[in-house]
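Engineer: Heads up: the protein sequence lines correspond to chains A and B, in order.
Residue 13 is where the first sequence starts when you use the numbering used here, and the numbers rise one by one after that.
Residue 13 is where the second sequence starts when you use the numbering used here, and the numbers rise one by one after that.
Each residue gets a CB set at the ideal place from its N, CA and C atoms; glycine is no exception.
There are 2 protein chains.
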Amino acid sequence: MMTRQAHEEAARASHLFGYFPYIERLSPRPDQIVHGSDNRQELERARAALDLAVDGDTVAIVSGGDPGVFAMAAAVCEAIENGPDAYRKVELVVIPGVTAMLAVAAAVGAPLGHDFCAINLSDNLKPFSIIEKRIVACTQTGMAMALYNPISRSRPWQLDAAFDIARLHLPKDTPVIFGRAAGRPDQRIETVALSKANGEKADMATCVIIGSAMTKVVERHGREPLVYTPRYWPEETGLPNVDAAP
Amino acid sequence: MMTRQAHEEAARASHLFGYFPYIERLSPRPDQIVHGSDNRQELERARAALDLAVDGDTVAIVSGGDPGVFAMAAAVCEAIENGPDAYRKVELVVIPGVTAMLAVAAAVGAPLGHDFCAINLSDNLKPFSIIEKRIVACTQTGMAMALYNPISRSRPWQLDAAFDIARLHLPKDTPVIFGRAAGRPDQRIETVALSKANGEKADMATCVIIGSAMTKVVERHGREPLVYTPRYWPEETGLPNVDAAP
């Protein structure tokens, strides 16, 4: 699912920065210097890459999916804003890509075919109280939701809390899609009703999509069901949770 | 910005359906039968393609960007759900792509680097009152917004109405990005403050991104400024509009 542009830019770079498994998938050439790192420490990685770029090197920072969606692009911009003046002279090119929610959505049909939100469920960088308000806002106004970074060893309860919040505002049979490693050979996609959704079905590599009250499951003989959210939202349907409020 | 997967699947097809300019960009071979059409009539197009697929033909329906985001995938699913039983036996593969908001965001930095929403501003398929509630929900909970289909000859006022709503809840200097034909040779990207945003800067091919209260503009000598939304949302910042409510 990589674009030609991404392939070409990665090939031009003398230095490759990023999380080890992402770089491995690029099959770097022997003359490319690989700076693999852990999946955290984004700012340190951005600064190390910018330091080399300031010295005139061509550097690529590799993200999975799209670098602008809960990945390295914002960290690089933050490093430039708060770093030495020389960082602002670096030529920065952000190459867009297929972000996880689009790959997961495509694997089941079109659950993001109507208005939707993308929410990073990690509360490392924001309080969970704000995440909670965003989930409520989305469910109440009829938007589907893609949840990134849903769970990790140090954040074991947030995804179940998100399901609990969603259950207050959405029908029991609202489809929830657990999409793991979408587009890779080990892809695993599972759709369950919101009433049966739980955090045990997800891991760090999973992107979770919670449908809206309009999202449908279309059964097919001998094939996986399709999950899609219709393009329309009829006037007479209203927004039950909002319109019923005093 | 097309993926290898999209190129390969389009090359496999005997029939290509879709809006004329999208198909032209694929440079179809002489042996591929092109069914170009207007940019509306999605359901009719989906049914015509499914009818050929039922007869055993290999058919590609071409969208710009990602077919799952305000494009053809939901229309195809809808046609399958409401069509003859034979439609459910068709092998359907949705190929994800780089949707417009990701290409526009990449062109300026990382304005979608924190939680965000994607809203189709066309009120052909839903009442504007619902769009309005979604815009309010996003601004109040601190999410950036990508607005698709912002304006057309038959929908001239909706984008300005959206800016007016956003101005009630966001700082005057919140960055607004008008991204036209992102990634194409005729790309045109313009960033203005929300106080100066108006519908005249957009056309049908524009995707508009409205930042959140946290979105920043980083000036650079001799280069276009960077626009990005930080990954973090500090607890002490709160959500002013929501937290101030009774």
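Kindly say whether residue 257 of chain B, judged by its beta-carbon, lies nearer than 9 Å to any beta-carbon of chain A.
Structural biologist: Confidence at residue 257 of chain B is low in this model, with a pLDDT of 40, below 50, so the placement of that residue should be treated as unreliable; the coordinate-derived value is given next. No, residue 257 of chain B does not count as interfacial toward chain A.
Engineer: Closer than 8 Å is the cut-off here; do at least three beta carbon pairs connect the stretch 100 to 112 of chain A with the stretch 232 to 250 of chain B?
Structural biologist: At 8 Å Cβ cutoff, the stretches touch.
Engineer: Take every Cβ of the stretch 26 to 42 of chain B, pair it with every Cβ of the stretch 71 to 84 of chain B, and state whether three or more of those distances are shorter than 8 Å.
Structural biologist: They touch, by the three-pair rule.
Engineer: For residue 27 of chain B, report the span of its beta strand (DSSP E) as first-last.
Structural biologist: Looking at the DSSP string, the run of the beta strand (DSSP E) that includes residue 27 of chain B is 27 to 31.
Engineer: Which value, in whole angstroms, describes the spacing of the CA atoms of residue 155 of chain B and residue 126 of chain A?
Structural biologist: Their Cα atoms are separated by approximately 17 Å.
Engineer: Note down the Cα distance separating residue 131 of chain B from residue 137 of chain B, rounded to an integer number of angstroms.
Structural biologist: In a straight line, the C-alpha of residue 131 of chain B is about 12 Å away from that of residue 137 of chain B.
Engineer: If I measure Cβ to Cβ from residue 192 of chain A and keep anything under 6 Å in the same chain, skipping five residues before and after, which residues do I get?
Structural biologist: Around residue 192 of chain A: 200, 217, 218.
Engineer: If we require 3 or more residues per run, which beta strand (DSSP E) segments fall completely within the stretch 137 to 164 of chain A?
Structural biologist: Those beta strand (DSSP E) runs which fall completely within the stretch 137 to 164 of chain A and span 3+ residues are 156 to 160.
Engineer: I'd like the span of the beta strand (DSSP E) that includes residue 192 of chain B, first residue to last.
Structural biologist: Per DSSP, residue 192 of chain B belongs to the beta strand (DSSP E) from 187 to 192.
Engineer: Flag this pair as touching only if the stretch 80 to 99 of chain B and the stretch 74 to 93 of chain A have three or more C-beta atom pairs under 8 Å; answer yes or no.
Structural biologist: Verdict: no, contact absent.
Engineer: Taking 8 Å as the cut-off, does the CB of residue 15 of chain A come closer than this to any heavy atom belonging to the ligand MG?
Structural biologist: Absent from the structure shown: the ligand MG. Ligands present: none.
Engineer: Name the DSSP beta bridge partners of residue 132 of chain A, please?
Structural biologist: A:160, per the DSSP bridge assignment.
Engineer: Which first and last residues belong to the alpha helix (DSSP H) in which residue 243 of chain B is found?
Structural biologist: It is not in any alpha helix (DSSP H) - residue 243 of chain B carries neither H nor E in the DSSP assignment.
Engineer: What did DSSP end up calling residue 80 of chain A once you bin it into helix, strand or coil?
Structural biologist: Residue state, collapsed to three classes: coil.
Engineer: DSSP three-state label for residue 92 of chain B, please.
Structural biologist: Three-state result, residue 92 of chain B: helix.
Engineer: Taking only beta-carbon positions, decide if residue 117 of chain B is within less than 9 Å of chain A.
Structural biologist: Chain A, which has a Cβ nearer than 9 Å to the Cβ of residue 117 of chain B, makes this yes.
Engineer: Tell me which residues share the same chain as residue 140 of chain A and place their Cβ nearer than 8 Å to its Cβ, disregarding the 5 neighbours each side in the sequence.
Structural biologist: Within the same chain, residue 140 of chain A has close Cβ partners 170, 173.
Engineer: So, at 6 Å on beta carbons, what are the nonlocal neighbours of residue 110 of chain B in its own chain, with the 5 sequence-adjacent residues on each side left out?
Structural biologist: Answer for residue 110 of chain B: 13, listed in chain order.
Engineer: At what residues does the beta strand (DSSP E) containing residue 47 of chain B begin and finish?
Structural biologist: Segment 45 to 49, the beta strand (DSSP E) holding residue 47 of chain B.
Engineer: Return helix, strand or coil for residue 18 of chain A, following the three-state DSSP convention.
Structural biologist: Of the three classes helix, strand and coil, the one that applies to residue 18 of chain A here is helix, per DSSP.
Engineer: Name the chain B residues whose beta carbon is nearer than 9 Å to that of residue 65 of chain A?
Structural biologist: Here the premise fails: no neighbours, minimum Cβ distance about 13 Å.
Engineer: Nearest-angstrom Cα distance between residue 202 of chain A and residue 80 of chain B?
Structural biologist: The straight-line gap from Cα to Cα measures roughly 18 Å.
Engineer: For residue 243 of chain B, does the count of other Cβ atoms within 10 angstroms reach 16, so buried, or fall short, so exposed?
Structural biologist: Per the 10 Å Cβ criterion, buried.
Engineer: Run down chain B in chain order and give the residues with a C-beta less than 9 Å from the C-beta of residue 128 of chain A.
Structural biologist: The contacting residues are 81, 129, 130, 131.
Engineer: Tell me the DSSP secondary structure of residue 232 of chain B in three-state form.
Structural biologist: DSSP places residue 232 of chain B in strand when its eight states are reduced to three.
Engineer: From the beta carbon of residue 78 of chain B, is the nearest beta carbon of chain A less than 9 Å away?
Structural biologist: Residue 78 of chain B counts as touching chain A.
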